[in-house]
Each structure stands twice: as C-alpha cells, then as structure tokens.
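Colleague: First the structure, then my questions, so here it is.
Protein chains in written order, with this note's numbering: chain A, 1 to 419; chain B, 1001 to 1122.
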C-alpha cells in the first residue's frame, strides 16, 4: 500500500517528502532554492533558475559585474552593447529599482484548486485528467496561476494579471523575481516551520515586496467545536511580530511588507448553501449544505466555522477574523523596522463581488466549486487587481517606477527567456 | 474520524462511477473501465486505477447493482465507518429503508468477499 516502502523508491520518497515539508524545490542541484523543474516546489512556485549548477545565479540578486558575461539574476538581460561597450543590465536596469514579490500565504495564496471536470461524469473525457500529475505534485495547488505570483495566462479569460506580472510589466528587470511561499493549512501559528524557505540575501539581493496573507486558518479548523481552536488576537500579535522580526533580518533594505487582512467568510454559506455541488448536479441530490455537513461530520472540513449551517458559529468566526484583521492594522500603524516599511490592506471580498456583479457575474462564481471554500482564479485575479490599485493609489513607491527602457529590453531580449 | 479523507475519497470515486454508468447508460464494470481509461499513465495513476478495480470491482458491482448508494457501498467496504457514539456521516439523502437494515443487507451481499479478508490498510 505504501509504495515508499519499496527499497528502490525509499530515497526519492524521502527527498520528495523533505521538499514538500520544507517548501523548497525537490530538484535543485546547486541548492540555491531555485529550480529548473516545474512542480515539487519548483519554478511554478519560484522564478526559474537560469543556471542550476551555480548557486550564485538566481532570480532577484543584484547583477554580478552588471551581468557583462552571464545572466547572474536570471532576468534574461546580460551581455554588452557592441555599440558603446556598456553592459545591457547597467544600461537598462541601473537606477530602475528592481524588486521581487514574495508571498507568505496559505492554500488560498497557493491557489488550491480541484478541477470540477475531475468529478463531473457528464463532461468527463480523455482530456479531463491530463493535468492530474502536475496538480498532485503541486499538492493540488496552482501557484503558476495564482493572483500573487501567477505567470501563466489565465484559464478563465480574465484580463486582470497577477501582481508579479504587473511588476514585470512595470519594470522588465523584475523578470522571474517571484516566490510563492504558501502552504496548505498555513497560519500565523505555523509559519515559523517554513518561513526559512524564503530566499533573499540582505546584501546581495534586490529589495522585495512581501505579502503576509494568512487569511483563514487562524479562525478555521476541522474540529466539531472550532472556537477554542481559533487563534486569539494576543497569540496572533505575538507570532506576526516574530515573523516580521525574521523578515527584518533577511530582507534587503528598502523592502516593503504588506499585511493582508482576513475575509468575512460568512459569504460562503450565504451564496452557496442551497446550490448543488458538482456531485449533486446530475441528479439534483447534493447541495453544498449537505456537502459541508458531510465534511464536518468526518472532521475533515477545511473550515467548520464558516462552512456551517449554524448562524451563531458563522458570526463568531467572522468576528474573530475581524479582531485578527484589527490586530494586523494595529501592528502596521505602530511598528517600525529598519529594512522595510509596513502596510495593511483589507481583504475586501465585497468589493470584488460588486466588481464581478457589474460584469454580470454571480457571487457563487468566485468560489472553488469542488471544495466550496477557496477563492477561485477569477476571485484571486480580481483581488490582485484591487490590491494593485489600492497600493498604487496610496503608496506608489512600493511598486516602483515604470522603467523607460522596457521597450528596448523587449527589443533586444524578447521574452527574456520566458518562465 | 481517523479515515475521514479515505471515506470522502471513496464516496467521490463511487459517485463518479455511478454517474458515469448513468450518463453512458452502461454497467458499473464498463463505467470503472472508462474511468481508468481516462487517467494518465504518469505517477502510476492508470495502473493503480486498474488495480483498485480488480481488487474492489466485483464487490462494487454487486452493491451498485443492488441500488446501494455511494455512502452505503463505502460503509459496506469499510472505507467509511460510523464510530460508536458519533453521528453517521453521509453525503447523499439516507435510503428510505432504515440505514441499519440497508447496511446489513449490503454486508450480506459482500460477505465472504476475499477483499474484505485483508485489513483495509493493505
């Protein structure tokens, strides 16, 4: 039953388990935390390594000798302009203040997604499961399509782009400088177990924009009585401060940290409970209410507090979420750090619901249909859009300036080696 | 529920098999073969599917042919279990006939099955 018991598979199984537990790439020859392999925490999660046999060549670093001889920061810009002998990286990127994006998140940030075509018999075909191996080796997450670090084209034909792609469009020198350090089940209380997977050298690398987005697991649990399990504001404050101190000792000076608030998850019951779950659509016999009850009964629900018919419990969960958001606000307005400035952005689901309804959409279309819990790709890209507009409006310095050399970079280097 | 995920997995897979048979007006056996044929070879997914069908297929066919729901099948095959003192966990509306009686009937159908001799963990 446990295939990892087979002697010849034991070692590779151990390596895979270690990669997933530590949130670092399984295939990383030079151990610089960047990989040429997509899944198992590879370049679907962090910028693709451009030289996996040189630990000093990786996305986000300051260029080595202006990359006159090799692409040390994997942004696809290197070599010397024959017309004037000036290194391209110096010509196109010097003074443009490149920066990377790093997400410290949970399953929502990693874009947890189970395709409905995997369980919808009426639409099932040979094509339905082609992406199953990729999904399984990414822990059922799709960070390559996420709102923060996605670099692939949206599968839901949304015109909005991820935060990373917007940073790249603003300054092509930011190419490949993204890290999605999200984990299913992550919360303020267990971030310390994988925050070390963050890759940034204070003196060698460009500044980063770090988004701290623990948006649910501090109030969500599978327990029959989830309230005692909820993180208290005091516990939350303590752990968030620990994480910020860690970031201050690792991030290059001039970085920015944005604390992302928690949503009001009561939205889920309100808009889904009486709708049919994909398993119940053929015979109209399973609603999300029944689905939620089944998961709660088995004590494997991702969030008993909000995925419940108990109005009181839903309200309690939303109240605690708001208290934790207020804790983040308090930290953002009162704490100072040497290497980064600190901001708070609310998780404004109502705002994106209104935006979506203006386009003729329905609120339930913003939630993952199979788990009935996570924000789906549409929601994640609308949230990224709202986040970008808010930051650009209130704190434009965080995003950096438009690089006037973008056209030249594209002309000389094309897609800069892609992703 | 130590095996909550195993139970959900069983109910989801059984639901898909039932609905494939319904949609294609086919037998449970044909539906299982169809499902396995859709799976990629990578990660042993297709071969694991055929192995599961060979191991549990005969029992599943008997139970689905007796119009048992996915909940009942998964309890009869012991992928789901009702822990004493805990509520019965089910996804679909309960059968019109008392659950206890239905489950006893289902267990009778698969009694003596070689599959159930092994502990489920293997």
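Each residue gets a CB set at the ideal place from its N, CA and C atoms; glycine is no exception. Bear in mind that the values here come from a model prediction, so they are computed numbers and not experimental data.
(1) If I measure Cβ to Cβ from residue 323 of chain A and keep anything under 6 angstroms in the same chain, skipping five residues before and after, which residues do I get?
(2) Check whether the Cβ of residue 80 of chain A lies closer than 6 angstroms to any heavy atom of the ligand ZN, and answer yes or no.
(3) With distances taken from CA atoms, which of A/96, A/141, A/121 is nearest residue 111 of chain A?
(4) Is the Cβ-Cβ distance between residue 8 of chain A and residue 16 of chain A less than 7 angstroms?
(5) Can you tell me where the alpha helix (DSSP H) with residue 406 of chain A in it begins and where it stops?
(6) In chain B, which residues lie with their C-beta within 8 angstroms of the C-beta of residue 133 of chain A?
(7) In the DSSP assignment, find the beta strand (DSSP E) that holds residue 210 of chain A and state where it starts and stops.
(8) Let me make sure I understand the geometry here. Which of A/208, A/55, A/278, A/125 has the alpha-carbon closest to that of residue 1033 of chain B?
(9) Do residue 1017 of chain B and residue 1026 of chain B count as a contact pair if the criterion is CB distance below 7 angstroms?
(10) Pair every Cβ in the segment 1056-1076 of chain B with every Cβ in the segment 251-265 of chain A, then say whether three or more of these pairs are closer than 8 angstroms.
(11) Closer than 7 angstroms, CB to CB, is residue 1029 of chain B near chain A or not?
(12) In this structure, does DSSP put residue 99 of chain A in helix, strand or coil?
(13) Determine which residues of the segment 274-290 of chain A have a Cβ less than 7 angstroms from any Cβ of chain B, and write them out in chain order.
(14) Taking its Cβ as the centre, do 16 or more other Cβ atoms sit within 10 Å of residue 183 of chain A, making it buried, or is it exposed?
(15) Mark residue 220 of chain A as exposed unless 16 or more other C-beta atoms lie within 10 angstroms of its C-beta, in which case mark it buried.
(16) Which residues does DSSP list as the beta-bridge partners of residue 104 of chain A?
(17) Flag residue 14 of chain A as yes if its beta-carbon sits less than 7 angstroms from any beta-carbon of chain B, otherwise no.
(18) Under 7 angstroms, Cβ to Cβ, is there at least one residue of chain B near residue 259 of chain A?
(19) Hey, out of A/317, A/113, A/120, whose CA is closest to residue 216 of chain A's CA?
(20) Considering residue 262 of chain A, what are the terminal residues of the alpha helix (DSSP H) in which it resides?
(21) Less than 7 angstroms between the C-beta atoms of residue 151 of chain A and residue 23 of chain A, yes or no?
(22) Applying a beta-carbon distance threshold of less than 8 angstroms, which residues of chain A neighbour residue 1050 of chain B?
(23) Check whether chain A comes within 7 angstroms of residue 1004 of chain B, counting only Cβ atoms and requiring the distance to be less than that.
(24) Sort B/1041, B/1042, B/1079 by Cα distance to residue 1013 of chain B and report the nearest one.
(25) Of the choices A/169, A/30, A/224, whose alpha-carbon is the least far from that of residue 294 of chain A?
(26) Can you pull the chain B neighbours of residue 119 of chain A, defined as C-beta to C-beta under 8 angstroms?
(27) In whole angstroms, what is the alpha-carbon distance linking residue 6 of chain A and residue 1007 of chain B?
(28) For chain A, is any of its Cβ atoms less than 7 angstroms away from the one on residue 1036 of chain B?
(29) Residue 1054 of chain B to residue 136 of chain A, Cα distance in whole Å?
(30) Go ahead and pull the three-state DSSP assignment for residue 389 of chain A.
(31) Anything in chain B within Cβ reach of residue 125 of chain A, meaning under 8 angstroms, just list it in chain order.
(32) Just to confirm, is the Cβ distance from residue 413 of chain A to residue 77 of chain A under 7 angstroms?
(33) Nearest to residue 303 of chain A by CA position, among A/373, A/383, A/390, is which residue?
(34) How big is the Cα-Cα spacing for residue 37 of chain A and residue 133 of chain A?
(35) Please state the DSSP three-state secondary structure of residue 112 of chain A.
(36) Ignoring anything shorter than 4 residues, give me the alpha helix (DSSP H) runs that lie fully in the segment 151-203 of chain A, in order along the chain.
Modeller: Here's the rundown:
(1) 233
(2) Among the components of this structure there are no ligands whatsoever, and the ligand ZN is therefore not found.
(3) A/141
(4) no
(5) 406-413
(6) 1040, 1042, 1043, 1045
(7) 208-213
(8) A/125
(9) no
(10) no
(11) no
(12) coil
(13) 279, 282, 285, 286, 290
(14) buried
(15) buried
(16) A/181, A/212
(17) no
(18) no
(19) A/317
(20) Premise fails: residue 262 of chain A is in no alpha helix (DSSP H) and is neither H nor E.
(21) no
(22) Those do not exist, as residue 1050 of chain B stays about 14 angstroms from chain A at its closest Cβ, beyond 8 angstroms.
(23) yes
(24) B/1079
(25) A/224
(26) 1012, 1015, 1016
(27) 26 angstroms
(28) no
(29) 24 angstroms
(30) helix
(31) 1038
(32) yes
(33) A/373
(34) 14 angstroms
(35) strand
(36) 163-170
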